[in-house]
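Asks: If you scroll down you'll find the structure; I have some questions about it.
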Amino acid sequence: MRFLCLFILFLPTALLAQVDSPKMGGDGLRIQIYLDQKCFGPGYLDGRPGNFTLRAVYSYNRFRGRPPGAWDALLKEAEEEIEELFALATVPDLAKDYINPNLPRGYGNLGGVKLVAYRSYLEFMAERYHTSESFLIKLNGKSKAYGLRIGDTLKVPNIAPFRIEEISVGRMHKEDEQLSKHNIVIDTKNNQIFVYDPTQPTIVIPGIPMIVSDEDQEPLGKMIAMFPTTTGGEQFIHHGIWKVVNCVEFPSWRYDKQFLETGKRGTDVVDVAHGPNSPVGVLWCGLSKSGIGIHGTS
């Protein structure tokens, strides 16, 4: 069992106004790549800092003990570590095992599909390099992007690739002594997941409100990571404190339209196989409260 406490609550939003990004050109992508490498998820690596990137900047600066809008200090770090913004990547032979251009649309039509795959090599490469299909089209042109084949090369953000071939169906992750000490906070208003290490002291920035303890006044510790998330309809959001009890790669999923719309389980369900376009993504972290978990998306 993983003893990671989960706190679902609301965090202040007004401070995001202090994090407005300057006009940066290529520096926007540089900062996104840097934040991504540091486990402060900026959203798509596309050189266009939006809300996810702004929140990642705010969170990373908190991690570093700086004011939210300390762009100059952040950019200096990024320039020292990220020399090249782009790289050339080859569509690997294994990609063909994860592509199905005829994948049905609509969850209710996925019954019997053995792998909820990518629909194109372009989608495969976009997710592999943490970016969007539209950004790869911008970098490489429509003709090349839409006509991708095995062995073709693309210009991509200079980031370590997500290797889907290293994900195994149903593989369970055993309890990790260090990770099991961490606390997770889900901000259901700003759509963010924060990870705290209670073995490290909390960094308090004067004049910046932040959560430093749980409901029992136990210190959360130092924030060490942040990722964007979505939480579904407000009426279905659960609030409480639970534990992460399992972590499974390539999970399957049961589509229950009635449950998703009303919160009550129905009888007309569809068993949906695993895959990168599964509604629950490539990783499921189950909680001690039945029926909910932290997971990926399609």
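Numbering (the working numbering), first residue to last: 303 to 600. All C-beta atoms, glycine included, are put in the ideal place defined by N, C-alpha and C.
Given this structure, state the Cα-to-Cα distance separating Y409 from G472, to the nearest angstrom.
Replies: Distance between the alpha carbons of Y409 and G472 is about 21 Å.
Asks: Between P369 and S554, what straight-line distance do the alpha-carbon atoms span, to the nearest angstrom?
Replies: C-alpha separation (whole angstroms): 42 Å.
Asks: Of all Cβ atoms in chain D, is any one closer than 9 Å to the Cβ of S580?
Replies: No chain D is part of this structure, which consists of one protein chain only.
Asks: Can you give me the Cβ contacts of G263 inside the same chain, cut-off strictly under 7 Å, excluding the 5 residues immediately before and after it?
Replies: For the chain, the structure presents residues 303 to 600; residue 263 sits outside this window and is missing.
Asks: Between which residues of its own chain and G595 is the CB-CB distance below 7 Å, once the five residues before and five after are set aside?
Replies: Cβ within range, chain order: W586, C587, G588, L589.
Asks: Which term fits K491, buried or exposed, when burial requires 16 or more other beta carbons within 10 angstroms of its beta carbon?
Replies: When all chains shown are included, K491 counts as exposed.
Asks: Write down every uninterrupted run of the beta strand (DSSP E) in the segment 375 to 439 whose length is 3 residues or greater and which is fully enclosed by it, in chain order.
Replies: Listed in chain order, they are 388 to 392.
Asks: If we call anything under 9 Å between Cβ atoms a contact, is L456 one with A397?
Replies: Taking 9 Å as the Cβ cut-off, L456 and A397 do not qualify as a contacting pair.
Asks: Please list, in chain order, all residues of the same chain as F529 whose beta carbon is under 6 Å from its beta carbon, the five residues on each side excluded.
Replies: Same-chain partners within the cutoff: G343, I495.
Asks: Can you look up L313 in the DSSP assignment and give me helix, strand or coil?
Replies: Here L313 scores only 48 on pLDDT, less than 50, and its place in the model should not be relied on; the value that follows carries that caveat. It is coil, neither helix nor strand.
Asks: Touch check for the segment 359 to 366 and the segment 430 to 450: three-plus C-beta pairs under 8 Å?
Replies: The segment 359 to 366 vs the segment 430 to 450: no contact.
Asks: If we count Cβ pairs, one from each stretch, closer than 8 Å, do we get three or more for the segment 474 to 490 versus the segment 420 to 431?
Replies: Contact between the segment 474 to 490 and the segment 420 to 431 is absent, because fewer than three Cβ pairs lie under 8 Å.
Asks: Shortest alpha-carbon distance to C549 belongs to which of Y557, G349, K476?
Replies: The shortest C-alpha separation from C549 is found at K476.
Asks: Quick one: using the 10 Å Cβ neighbour count with 16 as the cut-off for buried, is G534 buried or exposed?
Replies: Exposed, since its Cβ has fewer than 16 Cβ neighbours within 10 Å.
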